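Chemist:
The following block contains the structure:
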């Protein structure tokens, strides 16, 4: 892996299921990593994550974000929420969350995904360094956000998928659009990551779907409707 000695990475949601792996990988590649999350705790003591600076706070706290963004050379937004307050399924988040995180009962896709992304984007803009290359900003979206431009994907989203999934994907698309539109003025190089289902052997809620998605990907069903599931190392 390419070394990144001396470079500083800010990860919003670094203690989460995917975020902790981003932090671990970055540390192993030589980055100096700071994580901002509601818990602000190292989820895996005694590992490479001991090198991460864990900050507890809100990802919409303007003053805190500006302080952290001013000391960052790159950004990753990995805050996510599968079942929001409108889904009437929030009690299942303990199961669906790979990090066993339990969000606030009033949490919505707008408050957790769109608002936090825009807040981080604005903090990056307000701390834009004079001169130099644009700072990378990675937003973790979802492969299914691309269903909007795929015929079979549109049919699944409109006619088969539950309503909460449509709202989830709409929130992801809104952030993608905002980042694409505002990145240049903020001195950022936008990178939109679109993984499909993220899983490991403990994710019992996802395991039944893996053969369907893997087969759909292997057979190219719908000309790209299904993307390969992403295994997250734990």
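Numbering (our numbering), first residue to last: 871 to 1104.
From the three backbone atoms N, C-alpha and C, an ideal C-beta is built for every residue, glycine too.
The model shown is predicted, which means the values in this text are computed figures rather than measured ones.
What is the C-beta distance between residue 1055 and residue 995, in whole angstroms, given that I count them as a contact (C-beta under 8 Å)?
Modeler: With 8 Å as the limit, residue 1055 and residue 995 qualify as a contact, their Cβ atoms being about 7 Å apart.
Chemist: Answer yes or no: do residue 880 and residue 904 have a C-beta to C-beta separation smaller than 9 Å?
Modeler: Contact flag set, yes.
Chemist: Should residue 949 be labelled buried (16 or more other beta-carbon atoms within 10 Å of its own) or exposed?
Modeler: Per the 10 Å Cβ criterion, buried.
Chemist: Between the C-alpha atoms of residue 968 and residue 887, what's the straight-line distance to the nearest angstrom?
Modeler: Low confidence applies to residue 968: its pLDDT is 47, below 50, so where it sits in the model is not reliable enough to give any reading.
Chemist: Taking buried to mean at least 16 other C-beta atoms within 10 Å of its own C-beta, is residue 954 buried or exposed?
Modeler: So residue 954 counts as buried.
Chemist: Just curious, the alpha helix (DSSP H) that residue 1082 is in, first and last residue?
Modeler: Run containing residue 1082: 1080-1088, per the alpha helix (DSSP H) assignment.
Chemist: Can you tell me whether residue 887 is helix, strand or coil according to DSSP?
Modeler: If DSSP states are grouped into helix, strand and coil, residue 887 belongs with coil.
Chemist: For residue 908, which of helix, strand or coil comes out of DSSP?
Modeler: Of the three classes helix, strand and coil, the one that applies to residue 908 here is coil, per DSSP.
Chemist: With DSSP collapsed to three states, give me the class of residue 1039.
Modeler: Looking at residue 1039 - three-state DSSP - the assignment turns out to be helix.
Chemist: With H, G and I counted as helix, E and B as strand and the rest as coil, what does DSSP make of residue 1076?
Modeler: Residue 1076 falls in the coil class under three-state DSSP.
Chemist: Could you check what DSSP says for residue 1101 in three-state terms: helix, strand or coil?
Modeler: Three-state result, residue 1101: strand.
Chemist: Does the pairing of the stretch 1063-1083 with the stretch 1023-1041 give three or more beta-carbon distances under 8 Å?
Modeler: Segments in contact, no.
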